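Asker: In terms of my numbering, the sequence shown is residues 83 to 591.
For glycine and all other residues, C-beta sits at the position ideal for the given N, C-alpha and C.
Keep in mind that this is a model prediction, so the values were computed, not measured.
Below are the structure tokens for one structure; questions will follow.
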Amino acid sequence: MRTIHDIHGGIHPPERKSLSRPGHLSDAPIPDELILPLRQHLGVPAKPIVNVGDSVKGGQVLAEAQGVMSVPVHAPTSGVVTAIELRPIAHASGLEDHCIVIKTDGLDQWLTLSGIGNWHEADAAALVERVRDAGIAGMGGAGFPTAVKLNPGPTREIETLLVNGTECEPYITADDTLMQCHAEELIVGAQILARIVSAKAILIGIEDNKPDAIRRVAAAIDASGADIELATFPTKYPSGGEKQIIEILTGQQVPSGGIPADIGLVCVNPGTAVAAKRAIIDGEPLTHRIVTLTGEALANPQNVVACLGTPITALLEHAKLVAEDQQRVIHGGPMMGFAVSNLAAPVTKITNCLLTPTAKELPLPEPAKPCIRCGHCAEACPASLLPQQLYWFARAKDQDQLAEHRLFDCIECGACAYVCPSQIPLVQYYRAAKGQIRDSEQEKQRSDNSRERFEARQARLEAEAAAREAKRAARKAAAQSKAAEEGEDPIQAAIERAKAKKAEQESAS
Ligand code: SF4
Ligand code: SF4
């Protein structure tokens, strides 16, 4: 029996998960228009390889990955490309980004797909290539390209593939539903990923507030006969953070600034494992995902399988939104999500939930009051940080102190802000501070690059001048030695040559 470890801090907000009826799943309608951002993942955006006017089929590559930290984008159904242009995307800042727009034809015609027949014998590199080509990026967080995660480097040995079935954020039930409805695919996907990273063990961790998922996954493990361990642990937010679940299940801590592979683990979301199974065995690219549609402003909250690119407004209509004045729509959950400013923005690979709370259900925060130094935030922080100190240093823009206090270990879980009696939006300060530090680092990198370019040019010019001087000296030395060999006085010879040249010029004029 595995020992379960407790993590520092954590909170128990109301879960509200039953609202979306986890375990029930249906397909959302294919909308008239799909909007597919070229960047649905961390890293470099994909590059379009279709043109406006092209007819496309489901599964067709629309945009290719550019480099390692990038993944391709595929068509989720058939239709015609009507635009490649800036469109609003789901982002806290209300940004626009480059998108491929498809007018769907309702026929849902697909390319013929083919998987890798016997994945047990396939080369790990070929399997990773398939994962990359299928456009798979982490489906539980920031959208880290999965193929990159599956290449932990030659010096890191992977002991365990960990499937993180925690889904600890209130309201969200997309992973719970996936584990209940696709447990068999999850088991196969986990085995494939374990083979890719040469993991010796597979561990699936699920919080104990998902008894149906636990039962279904346990049954699928039994039926498969695979040597897979299922561990359950008490519900506490944010146990689903990668570092947190690792500590809960292994007692080990990922070093500050490190990755799970540093201590022999690769951690994936259940959706990523299922997507890997479909990519390898069925040849299916990532074109759809489960989205939780929830909140009391919906008459019919539920989990749906939606085409990537579906406008948020179409899904909310499907779930029968009864909008209040100034209705909020939150992308993600109430703790880590952000308000969507334009509902024309589309679902992407990282859209796990759309939350539409009523004002009574989730009241807007009151204006922030001064910090009273109560220390509750430090007690709640799962990363053992000092949120109050980070807040002061963020306000003071003191980047040295922020680094000293491990700002980048903050997982932005919001537990500190949740318990703060002064209702200070602490996470907003941390996000802004991280952005400023990244900007300063980029600026420093740019100025270092331009200094290096300047110094390299100076060195090149000096080397060229030295080479010219060396040649001139060599020519002079050669002339002198020739004159010496011929018994001439070199100085007299030079005078004679100058005289002859002058006489020649005078006679010519
Ligand atoms: S919980 Fe809020 S008021 Fe209390 S110390 Fe932290 S930031 Fe200050
Ligand atoms: S948001 Fe950051 S500082 Fe606040 S509790 Fe979470 S990890 Fe700690």
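Taking DSSP as the reference, what is the three-state secondary structure of His-458?
Answerer: Residue mapping note: residue 458 aligns to position 376 of the sequence shown, counting from 1. If DSSP states are grouped into helix, strand and coil, His-458 belongs with the helices.
Asker: Beta carbon of Tyr-512: closer than 7 angstroms to some heavy atom of ligand 2?
Answerer: Along the sequence shown, one-based indexing puts residue 512 at 430. Tyr-512 Cβ: within cutoff of ligand 2.
Asker: Can you give the Cα-Cα distance for Ala-147 and His-180, rounded to whole angstroms?
Answerer: In the sequence shown, residue 147 corresponds to position 65, counting from 1. In the sequence shown, residue 180 corresponds to position 98, counting from 1. C-alpha separation (whole angstroms): 14 angstroms.
Asker: If you count every other CB in all the chains shown that lies within 10 Å of the CB of Lys-359, and 16 or more means buried, which is it?
Answerer: Taking the sequence shown and counting its residues from 1, one reaches residue 359 at position 277. Looking at its Cβ environment, which holds 16 or more other Cβ atoms inside 10 Å, Lys-359 is buried.
Asker: Please find out if some non-hydrogen atom of ligand 2 comes closer than 7 angstroms to the beta-carbon of Pro-464.
Answerer: Translated into the one-based positions of the sequence shown, residue 464 becomes position 382. Yes, since a heavy atom of ligand 2 falls inside the 7 angstroms radius drawn around the Cβ of Pro-464.
Asker: Nearest-angstrom Cα distance between Pro-104 and Ser-529?
Answerer: Residue 104 sits at position 22 when you count from the first residue of the sequence shown. Residue 529 sits at position 447 when you count from the first residue of the sequence shown. Using only the alpha carbons, I get a separation of about 52 angstroms.
Asker: By the 10 Å Cβ neighbour count, where 16 or more other Cβ atoms means buried, how is Lys-431 classified, buried or exposed?
Answerer: The residue labelled residue 431 in the question sits at position 349 within the sequence shown. Per the 10 Å Cβ criterion, buried.
Asker: Residues in its own chain within less than 7 angstroms of Ala-497 by CB, not counting five upstream and five downstream?
Answerer: Stepping through the sequence shown from its first residue, residue 497 is reached at position 415. These residues qualify, in order along the chain: Gly-91, Gly-92, Ile-93, Tyr-319, Pro-320, Ala-462, Cys-463, Pro-464.
Asker: For Leu-390 versus Leu-375, is the C-beta spacing smaller than 8 angstroms?
Answerer: Translated into the one-based positions of the sequence shown, residue 390 becomes position 308. Translated into the one-based positions of the sequence shown, residue 375 becomes position 293. Cβ distance not < 8 angstroms, so Leu-390 and Leu-375 don't count as in contact.
Asker: For Gln-326, does the three-state DSSP call read helix, strand or coil?
Answerer: Position 244 of the sequence shown, counted from the start, is the residue given in the question as residue 326. Gln-326 falls in the helix class under three-state DSSP.
Asker: Quick one: is Asp-109 buried, meaning 16 or more other Cβ sit within 10 Å of its Cβ, or exposed?
Answerer: Within the sequence shown, the letter at position 27 stands for residue 109. Exposed is the call here.
Asker: Can you say whether Asp-309 is buried or exposed, counting buried as having 16 or more other CB atoms within 10 angstroms of its CB?
Answerer: One-based indexing of the sequence shown puts residue 309 at position 227. That one is exposed.
Asker: Any idea what DSSP makes of Val-299, helix, strand or coil?
Answerer: Locating residue 299 in the sequence shown gives position 217, where the first residue counts as 1. Residue state, collapsed to three classes: helix.
Asker: Using a 10 Å radius around the Cβ and a threshold of 16 neighbouring Cβ atoms, would you call Val-501 buried or exposed?
Answerer: Against the sequence shown, residue 501 aligns to sequence position 419. When all chains shown are included, Val-501 counts as buried.
Asker: What does DSSP give as the partner residue(s) for His-90 in the beta ladder?
Answerer: Working through the sequence shown from its first residue, we reach residue 90 at position 8. Partner(s): none; His-90 has no beta bridge.
Asker: Between the C-alpha atoms of Gly-414 and Ala-157, what's the straight-line distance to the nearest angstrom?
Answerer: To locate residue 414, count along the sequence shown from 1; it is residue 332. To locate residue 157, count along the sequence shown from 1; it is residue 75. If I take the Cα positions, the gap works out to 24 angstroms.
Asker: Below 7 angstroms, is the gap between the Cβ of Ala-497 and the nearest heavy atom of ligand 2?
Answerer: Taking the sequence shown and counting its residues from 1, one reaches residue 497 at position 415. True, at least one ligand heavy atom lies under 7 angstroms from that Cβ.
Asker: Got a sec: does ligand 1 put a non-hydrogen atom nearer than 7 angstroms to the Cβ of Pro-449?
Answerer: In the sequence shown, residue 449 corresponds to position 367, counting from 1. Not under cutoff, so the answer is no.
Asker: Just to confirm before moving on: does the CB-CB distance between Val-153 and Leu-144 stay below 8 angstroms?
Answerer: Position 71 of the sequence shown, counted from the first residue, corresponds to residue 153. Position 62 of the sequence shown, counted from the first residue, corresponds to residue 144. No; because the gap between Cβ atoms is not below 8 angstroms, this pair is not in contact.
Asker: The alpha helix (DSSP H) with Pro-352 in it runs from where to where?
Answerer: On the sequence shown, position 270 is the one that residue 352 refers to. Taken as a continuous stretch (DSSP letters only), the alpha helix (DSSP H) holding Pro-352 covers 352-359.
Asker: Quick check on the DSSP output: the beta strand (DSSP E) that includes Glu-115 runs from which residue to which?
Answerer: Position 33 of the sequence shown, counted from the first residue, corresponds to residue 115. Where Glu-115 is concerned, the enclosing beta strand (DSSP E) stretches over 115-119.
Asker: Following the continuous beta strand (DSSP E) through His-180, name the residue where it begins and the one where it ends.
Answerer: Translated into positions along the sequence shown, residue 180 becomes position 98. 178-186 is the extent of the beta strand (DSSP E) around His-180.
Asker: Cα separation between Pro-383 and Pro-445?
Answerer: By one-based count along the sequence shown, residue 383 stands at place 301. By one-based count along the sequence shown, residue 445 stands at place 363. The alpha-carbon atoms of Pro-383 and Pro-445 are separated by roughly 19 angstroms.
Asker: Tell me which same chain residues have a C-beta within less than 7 angstroms of the C-beta of Gln-574, skipping the five on either side of it?
Answerer: Numbered from its first residue, the sequence shown carries residue 574 at position 492. Around Gln-574: no qualifying Cβ.
Asker: If you draw a straight line from the alpha carbon of Gln-122 to that of Thr-186, how long is it in whole angstroms?
Answerer: Translated into positions along the sequence shown, residue 122 becomes position 40. Translated into positions along the sequence shown, residue 186 becomes position 104. So the alpha carbons of these two residues sit roughly 20 angstroms apart.
Asker: Does DSSP put Asp-109 in a helix, a strand or coil?
Answerer: Residue numbering aside, residue 109 sits at position 27 when the sequence shown is read from its first letter. Strand at Asp-109.
Asker: What first and last residue would you give for the alpha helix (DSSP H) that runs through Val-230?
Answerer: Residue mapping note: residue 230 aligns to position 148 of the sequence shown, counting from 1. Its alpha helix (DSSP H) spans residues 228-231.
Asker: Do Val-213 and Gly-271 have their C-beta atoms within less than 8 angstroms of each other?
Answerer: Within the sequence shown, numbered from 1, the residue matching residue 213 stands at position 131. Within the sequence shown, numbered from 1, the residue matching residue 271 stands at position 189. Taking 8 angstroms as the Cβ cut-off, Val-213 and Gly-271 do not qualify as a contacting pair.
Asker: Among Pro-393, Glu-311, Ala-300, which one has its Cα closest to the Cα of Thr-85?
Answerer: In the sequence shown, counting from the first residue as 1, residue 85 sits at position 3. Closest option to Thr-85, Cα to Cα, is Glu-311.
Asker: Starting from the N-terminal side, write out each stretch of the beta strand (DSSP E) that is 3 residues or longer and does not extend beyond the region 439-492.
Answerer: The region 439-492 contains no whole beta strand (DSSP E) run of 3 or more residues.
Asker: Contact check, Leu-484 vs Phe-475 under 8 angstroms by CB: the rounded distance?
Answerer: On the sequence shown, residue 484 is found 402 positions in, with the first residue counted as 1. On the sequence shown, residue 475 is found 393 positions in, with the first residue counted as 1. Rounded, the Cβ-Cβ distance is 5 angstroms, consistent with contact.
Asker: Could you spell out the range, first to last residue, of the beta strand (DSSP E) harbouring Asn-385?
Answerer: For the purposes of this step, residue 385 is taken as residue 303 along the sequence shown, with counting starting at 1. Per DSSP, Asn-385 belongs to the beta strand (DSSP E) from 384-389.
Asker: What does the alpha-carbon distance come out to for the pair Ala-499 and Gly-419?
Answerer: In the sequence shown, the residue the question calls residue 499 occupies position 417. In the sequence shown, the residue the question calls residue 419 occupies position 337. In a straight line, the C-alpha of Ala-499 is about 13 angstroms away from that of Gly-419.
Asker: Between Glu-494 and ligand 2, is the CB less than 7 angstroms from at least one heavy atom?
Answerer: In the sequence shown, residue 494 corresponds to position 412, counting from 1. Checking the Cβ of Glu-494 against ligand 2 gives yes.
Asker: Three-state secondary structure (DSSP) at Ala-157?
Answerer: In the sequence shown, residue 157 corresponds to position 75, counting from 1. It is coil, neither helix nor strand.
Asker: Helix, strand or coil: which one does DSSP assign to Tyr-253?
Answerer: Position 171 of the sequence shown, counting from 1, holds the residue named residue 253. Coil, per DSSP.
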